[in-house]
Amino acid sequence: MSTSQAIYAGWMEIPFSAVNDKARTQAEEETLAALVSQYAGTLYRVAFSVLRNPSDAEDAVQETFLRVLRHRDTLDEVRDQRVWLIRIVWNIVLDRKRRAKTRPETDDVSELARVLPAKGLSAEQIASAAQHHAHVLACVDRLPAKERQVLMLSAFEELTSVEIASVLGITESSVRSRLFRARNLMAGLLQHTRT
Amino acid sequence: MKYPVQDGFPNDSGSGLGSAESTLRLIAALPAPAGLEERVNAGLHVRQRTGRVLAWPAVLRFDSAWMRTAAAAAIVSVVVGGGWGIYAHVQPSQSAKGVAAPPHVASPVGGFSSAGAMRTPNTLNGQVVALPATAQKQPVKAGGNITARTAQTPPRHNKLAAADKAVAPAAK
């Protein structure tokens, strides 16, 4: 077969039919629904840890899956879908955080008092705990961006240092050194605010 | 040097330092709100149906044979139309024999002619400048002001001629 014949045959032999198209669309929808049911919770928690607002975090999750929908043709090429999705949502929430104004600590206190588990605690204890958590988060916000990001992602027990490195696009040794620095800085900040 | 990843804060002896990480862990472990998946799925479904996600409709995808044929026909028509447009608008150039050159009108006084832009100098057929009879050049003597001396003292042959004129009547 000559080259031109081969090209012509390839041109003509691309399979297409309405049935195939419908089936493919349905398969894509099912794959996407499976991704949502499997990872929506994880993505929400990642988003909430940065944005600290339930509705904003939910919007970020929604936007993440919309991006996945746009790139559904490349889903098969993704090696680790969980890390890939966390990376997408991480970039989205960082972008939103950058654009949003600085969140006051009082907002965090009220929001945390609402969402944190409060089983067997009195109202005073809940308020005190919320205040403490908000204070810790305010100290986290004062960390340099690189250290802060690593520290926040390290709080997710399901993420290993290799996966954190993959999400942030750095090496594993960088993750470890940044985390060490972040903990030292955090200890200093907390010590300073206590005195 | 090893940096522990999940080992807690350094110098954790101070109260409150360890609880900082527990705060982060607490927030990281917050459960997702109920019905999150359904809302996300519903949102995706709506976006897909309303076409807010930029994508070609299935009918207009390039997978379809007729769409590919139409695209190929459009490309061919553009190429052919462009070629025809160029062919129709560009006139063939005339041959060298047919080109009529304007006659060159040589101006008798020279100058720039309007057609040939050729200048004819007027040194050959113009007026002849008559050179006035000038005195012969004196050789330049070193250290002397020639112009001043020639103006004060007449030339020697003039002196002799004047002497001859004066002697001649007396001899007669």
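For the record, the sequence lines run as chains A and B. The first sequence begins at 1 in the working numbering and counts up one residue at a time. The second sequence begins at 1001 in the working numbering and counts up one residue at a time. All C-beta atoms, glycine included, are put in the ideal place defined by N, C-alpha and C.
Selection from Leu112(A), Thr160(A), Leu189(A), Leu143(A) that minimises the alpha carbon distance to arginine 176(A)
Thr160(A)
Of the residues Arg82(A), Ala47(A), Ala100(A), the one placed nearest alanine 34(A), counting alpha carbons only:
Arg82(A)
Check the Cβ-Cβ distances between serine 1077(B) and every residue of chain A, and say whether any is below 9 Å.
no
Distance, Cα to Cα, alanine 1065(B) vs asparagine 20(A)?
14 Å
At which residues does the alpha helix (DSSP H) containing asparagine 91(A) begin and terminate?
81-99
Using a beta-carbon distance below 9 Å, is arginine 114(A) in contact with chain B?
no
Proximity to aspartate 95(A) [Cα-Cα], best of Ala182(A), Leu69(A), Thr74(A), Ala60(A):
Ala60(A)
Taking 8 Å as the cut-off, is the C-beta of proline 117(A) nearer than that to any heavy atom in the ligand ZN?
Among the components modelled here there is no ligand, and therefore nothing to report on the ligand ZN.
Compare the C-beta of alanine 1070(B) with all C-beta atoms of chain A and state if any pair is closer than 9 Å.
no
Cα-Cα separation between valine 50(A) and phenylalanine 156(A), rounded to whole angstroms:
12 Å
Going straight from the alpha carbon of leucine 179(A) to that of alanine 134(A), what length do you get?
21 Å
Valine 36(A): contacting residues in chain B (beta-carbon distance under 7 Å):
Glu1037, Val1040, Asn1041
Does the separation of the CB atoms of isoleucine 86(A) and leucine 151(A) fall below 9 Å?
no
Can you tell me the Cα-Cα spacing of valine 46(A) and aspartate 56(A), whole angstroms?
12 Å
Would you mind giving the Cβ-Cβ distance between glutamine 149(A) and leucine 168(A), rounded to the nearest angstrom? I have them listed as a contact below 8 Å.
6 Å
With contact counted as at least three CB pairs below 8 Å, one residue from each stretch, are the region 67-84 of chain A and the region 116-130 of chain A in contact?
no
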